[in-house]
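I have placed the structure first, in the form of structure tokens, so that the comments after it can refer back to it.
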Amino acid sequence: MQLLVAVINESEKLDEILSGFLELGITGATIINSEGMGRVLSHDIPIFAGLQTLIARSRPQNQTLFSVIKEEEKVEGALALLQEICGNFDDPATGIAFTIPVTRVVGLKPELGTEES
Amino acid sequence: MDAPAPRSRFPNVRQQMRLREYLRPELVILGLKGRGARDAIHAMVEQIGSQGVVPDPGALESALLAREAVHTTAMGSGVAVPHATIEGLDRPVVAVAVSPEGVAFGPVGLDPVHVFFVLLSPPEQTGLHIKLLARIARLVRHPGLVTQLRDASSARAVLETLETVDAGHV
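Heads up: the protein sequence lines correspond to chains A and B, in order.
Heads up: the first sequence begins at 1 in my numbering, then just goes up one per residue.
Heads up: the second sequence begins at 118 in my numbering, then just goes up one per residue.
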């Protein structure tokens with residue numbers, strides 16, 4: 001069981017990502033509005049204002065998605081899906097995703113099965 | 118000989134569900150005409166009924182119309198996904214109907230619908246039903262897909278186009 005954390009830079013892609021999660025059988029995720037370090041530094045701290053190195057990698061706002069996923073196969077699917085939709089996360093200003101092992105969870109709803117025998 | 122399907126960009130990810138598994142050549146409807154949602158649904162149900170897919174086409178038509186009455190299944194960009202759970206199926210089935218002229222479907226101001234995916238599932242497979250809805254919703258964003266389907270000249274071309282796009286996505 002893993003906690004998937006993904007920072008999505010292009011908010012407009014979020015609905016496509018969530019549709020894809022449903023396809024994989026992942027029915028739960030929490031999304032929060034967030035802001036990247038580059039944006040905060042270049043806009044809120046005067047000494048860094050206008051620095052292109054920071055601005056080029058920043059967007060006004062991004063979204064951070066959290067999802068606890070039980071099955072390893074679905075974690076792999078989710079990571080592939082994120083990059084299919086957002087682009088290769090190794091490229092700048094696309095996003096970032098990582099997973100953390102989860103040892104215990106309470107309140108996790110069942111994921112969607114296929115139901116076909 | 119059939120052209121090989123394109124490989125996924127993520128070969129290590131097991132493919133969980135493919136739309137193509139639920140498509141049938143006899144359920145591809147070309148040249149759909151209709152003056153509105155009711156007409157179009159009637160025509161599609163006639164075709165589905167004529168293939169013996171559902172035991173009670175009348176019940177299917179009522180279910181699809183009831184769903185449209187709750188909220189349109191038109192998604193914009195020329196696509197609608199009328200759907201219902203129906204007794205008498207063992208597994209989901211997806212009919213595809215293409216209307217080159219377009220059908221006024223859903224609220225005034227929405228683009229005419231050129232491609233319909235009619236998704237029918239047994240009531241006990243609602244999880245899979247939702248997954249298939251999500252899959253269709255994502256695949257129809259593929260650039261050029263709706264135009265390719267709208268302009269397809271045969272059922273085979275419709276299925277091949279869909280299979281190619283289906284295989285190319287996670």
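Quick reminder that beta carbons are idealized off the backbone N, C-alpha and C, glycines included.
- Inclusion of residue 67/A and residue 21/A in the CB contact set at 9 Å is warranted, their separation being smaller than that value.
- DSSP places residue 153/B in the coil class of the three-state scheme, outside both helix and strand.
- The beta carbon of residue 34/A is closer than 8 Å to those of 7, 61, 62, 63, 64 in its chain, skipping five residues each way along the sequence.
- Looking at 162/B, 182/B, 183/B, the one whose alpha-carbon comes closest to that of residue 173/B is 162/B.
- Looking from the CA of residue 240/B, the closest CA among 284/B, 280/B, 208/B belongs to 208/B.
- From the beta-carbon of residue 286/B, the residues of chain A found nearer than 8 Å are 84.
- In the structure shown, residue 226/B adopts coil according to DSSP, grouped into three states.
- With respect to the C-alpha of residue 153/B, the residue from 184/B, 224/B, 194/B having the closest C-alpha is 224/B.
- Scanning chain A for C-beta atoms nearer than 7 Å to the C-beta of residue 254/B yields 19, reported in chain order.
- Here the alpha carbon of residue 210/B sits roughly 50 Å from the alpha carbon of residue 40/A.
- Under the Cβ criterion of 9 Å, residue 137/B is not counted among the residues facing chain A.
- Residues 197, 222, 223, 227, 230 of the same chain have their beta carbon placed closer than 7 Å to that of residue 191/B, with the five preceding and five following residues left out of the count.
- With a cutoff of 9 Å on beta-carbon distance, residue 140/B and residue 276/B are scored as near each other.
- Excluding the 5 residues flanking it on each side, residue 31/A has same chain C-beta neighbours closer than 6 Å at 63, 65, in chain order.
- At least one C-beta of chain A is nearer than 9 Å to the C-beta of residue 250/B.
- Cβ contact annotation for residue 216/B (same chain, cutoff 6 Å, sequence separation greater than five): 149, 231, in chain order.
- Per DSSP, reduced to three states, the secondary structure at residue 193/B is strand.
- Interface annotation, residue 87/A: not in contact with chain B, CB-CB separation never under 9 Å.
- Three or more beta-carbon pairs separated by less than 8 Å are not found between the region 98–107 of chain A and the region 234–251 of chain B, which leaves the two stretches without contact.
- With respect to residue 69/A, residue 80/A sits apart: the two C-beta atoms are not nearer than 9 Å.
- Proximity of chain A to residue 258/B at the Cβ level (cut-off 7 Å) is accounted for by 16, in chain order.
- By the neighbour-count definition (other C-beta atoms within 10 Å, threshold 16), residue 2/A is a buried residue.
- The residues 158, 199, 201, in chain order, have a CB closer than 6 Å to that of residue 181/B in the same chain once the five nearest residues on each side in sequence are set aside.
- With respect to chain B, the C-beta atom of residue 28/A has no partner C-beta closer than 9 Å.
- Going by beta carbons, residue 145/B and residue 212/B fall inside the 9 Å limit.
- Of the candidates 259/B, 278/B, 263/B, 255/B, 263/B places its Cα closest to the Cα of residue 233/B.
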